[in-house]
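Peer 1: Numbering (my numbering), first residue to last: 58 to 351.
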Ligand SMILES: C[S@@+](CC[C@H](N)C(=O)[O-])C[C@H]1O[C@@H](n2cnc3c(N)ncnc32)[C@H](O)[C@@H]1O
């Protein structure tokens, strides 16, 4: 058991996911984000995990944390970042928290390493001691947190003076092409889809916004950049099928629409996506990345 966790055991660790959602609601505004419900690790891996993992590799190399450090992965999901840290950065220990008990169970099943401690918890109220962590990371999470500033303040609180904090988010409005094609086509068919479009819903994911917030909160030595990865789909089905998996905002939106709309959207994407002669679809995805010190 981690010393940080040992001293203040997380209450949420022992609660079912419904109870954790209920805590979130009381903290404020959480209900809205249930629309993005994170409930199936396997579906998430097919839809997003395979791509977030590629960003995470580049992000960790850029963050450059020395071995033998205590890490915290905030919103660890199915454990992509945590797994990479264990593989390549020789952590002393890593605490990985997520609000979804389903994702925590998935991560616990796939990563059985005694240096890793997975817990259900909320980014905006970390149940950890102040000044107890050397490196905090968070990938593709802050836009789903009702008060992202509170979450960054929490990261700052738990980080030791001089420790590192690194965060990345998709550029939903422009550079995350897999989703951009989807939402552009969805809105063209039905303007009401705009209210679900992550490029519109998440201002924190627009250029410069995350960096501004990090500076406002008071991190030192702030650096920001963009990381781009290739997202190559073998064929149209490899692109389309994961949208039918109900995990994440776009799949949830799609599955809330009737079959006629879904068919029209599929047809539209078949004609708008750049499908190569061999059937493959080569896109790219951009993430905004920031780091700073406590
Ligand atoms: C897009 S996924 C990213 C998962 C993982 N970090 C990755 O890079 O693959 C967003 C994650 O944030 C989690 N999440 C959403 N709101 C949260 C909150 N308030 N506190 C902690 N985790 C949260 C979700 O359960 C989900 O696992």
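We put the CB at the ideal spot given by N, CA and C, even for glycine.
Give the DSSP bridge partners of residue 233, in chain order.
Peer 2: 342
Peer 1: What do you get for residue 228, buried or exposed, if any count of 16 or more other CB atoms within 10 angstroms of its CB means buried?
Peer 2: buried
Peer 1: Excluding the five sequence neighbours on either side, which residues of its own chain have a C-beta within less than 7 Å of the C-beta of residue 163, listed in chain order?
Peer 2: 98, 135
Peer 1: On the premise that residue 129 lies in contact with residue 177, defined as a C-beta separation below 8 Å, what is that separation, rounded to the nearest angstrom?
Peer 2: Wrong, their Cβ atoms sit about 14 Å apart, outside the cutoff.
Peer 1: So the candidates are 159, 131, 206; which of them puts its Cα closest to the Cα of residue 260?
Peer 2: The candidate whose alpha carbon is nearest that of residue 260 is 206.
Peer 1: Going straight from the alpha carbon of residue 116 to that of residue 223, what length do you get?
Peer 2: Counting only the Cα atoms, residue 223 lies some 8 Å from residue 116.
Peer 1: Starting from the C-beta of residue 265, find all residues in its chain whose C-beta is less than 7 Å away, skip the five residues before and the five after it, and write them out in chain order.
Peer 2: none
Peer 1: Alpha helix (DSSP H) containing residue 184: first to last residue?
Peer 2: Element bounds for residue 184: n/a, residue is neither H nor E.
Peer 1: Note the first and the last residue of the continuous alpha helix (DSSP H) segment covering residue 139.
Peer 2: Its alpha helix (DSSP H) spans residues 137-145.
Peer 1: Suppose contacts are defined by Cβ-Cβ distances below 7 Å. Is residue 191 in contact with residue 126 by that definition?
Peer 2: yes
Peer 1: Return yes when at least one heavy atom of ligand 1 lies under 6 Å from the C-beta of residue 302, else no.
Peer 2: No, Cβ of residue 302 sits at least 6 Å from all heavy atoms of ligand 1.
Peer 1: Label residue 348 either buried or exposed according to how many other C-beta atoms from any shown protein chain fall within 10 Å of its C-beta, with 16 as the threshold for buried.
Peer 2: buried
Peer 1: State yes or no: is the C-beta of residue 160 nearer than 6 Å to some heavy atom of ligand 1?
Peer 2: yes
Peer 1: Determine the closest residue to residue 107 out of 124, 141, 200, 221, with distance taken between C-alpha atoms.
Peer 2: Comparing C-alpha distances from residue 107 to each of 124, 141, 200, 221 shows the shortest one belongs to 141.
Peer 1: Using a Cβ distance threshold of 8 Å, determine whether the segment 234-244 contacts the segment 332-342, with at least three qualifying pairs required.
Peer 2: yes
Peer 1: Roughly how many angstroms lie between the CA atoms of residue 225 and residue 155, to the nearest whole one?
Peer 2: 16 Å
Peer 1: Work out the CA separation of residue 102 and residue 172 for me, nearest whole Å.
Peer 2: 23 Å
Peer 1: Who are the Cβ neighbours of residue 175 in its own chain at under 6 Å, not counting the five residues just before and after it?
Peer 2: Here the set comprises 153, 161, 164, 165.
Peer 1: So, at 7 Å on beta carbons, what are the nonlocal neighbours of residue 221 in its own chain, with the 5 sequence-adjacent residues on each side left out?
Peer 2: Excluding five sequence positions before and after residue 221, the CB atoms of its chain that fall closer than 7 Å to its own CB belong to 120, 122, 192, 348, 350, given in chain order.
Peer 1: With a Cβ-Cβ cutoff of 7 Å, do residue 109 and residue 137 count as a contact?
Peer 2: yes
Peer 1: Locate the beta strand (DSSP E) running through residue 354, then write down its first and last residues.
Peer 2: Residue 354 cannot be examined here, being either before or after the span of the chain that is shown, 58 to 351.
Peer 1: Which of the three DSSP states, helix, strand or coil, is assigned to residue 162?
Peer 2: helix
Peer 1: Let me know the secondary structure DSSP gives residue 173 once reduced to three states.
Peer 2: strand
Peer 1: What are the uninterrupted segments assigned as alpha helix (DSSP H) that are 4 or more residues long and contained completely in the segment 277-317, given in chain order?
Peer 2: 293-297, 306-313
Peer 1: Buried or exposed for residue 139, please, with buried defined as at least 16 other CB atoms from any protein chain shown within 10 angstroms of its CB.
Peer 2: buried
Peer 1: Measuring alpha carbon to alpha carbon, tell me which residue in 331, 313, 201 is nearest residue 303.
Peer 2: 313
Peer 1: If we call anything under 7 Å between Cβ atoms a contact, is residue 215 one with residue 267?
Peer 2: When the beta-carbon positions are compared, residue 215 and residue 267 stay at least 7 Å from each other.
Peer 1: So, for residue 86: in the same chain, excluding its five sequence neighbours on each side, which residues have a beta-carbon less than 7 Å away from its beta-carbon?
Peer 2: Confidence in residue 86 is poor, its pLDDT being 33 and thus under 50, which makes the residue's placement too unreliable to answer from.
Peer 1: How far does the alpha helix (DSSP H) with residue 112 in it extend, from its first residue to its last?
Peer 2: Element bounds for residue 112: 107-120.
Peer 1: Look at the alpha carbon of residue 63 and the alpha carbon of residue 105, and state the distance between them as a whole number of angstroms.
Peer 2: With a pLDDT of only 39 at residue 63, under the threshold of 50, the placement of this residue in the model should not be trusted; the figure read from the coordinates follows. Roughly 33 Å separates the two Cα atoms.
Peer 1: Can you list, in chain order, the residues of its chain whose CB lies under 6 Å from that of residue 282, leaving out five sequence neighbours each side?
Peer 2: 346
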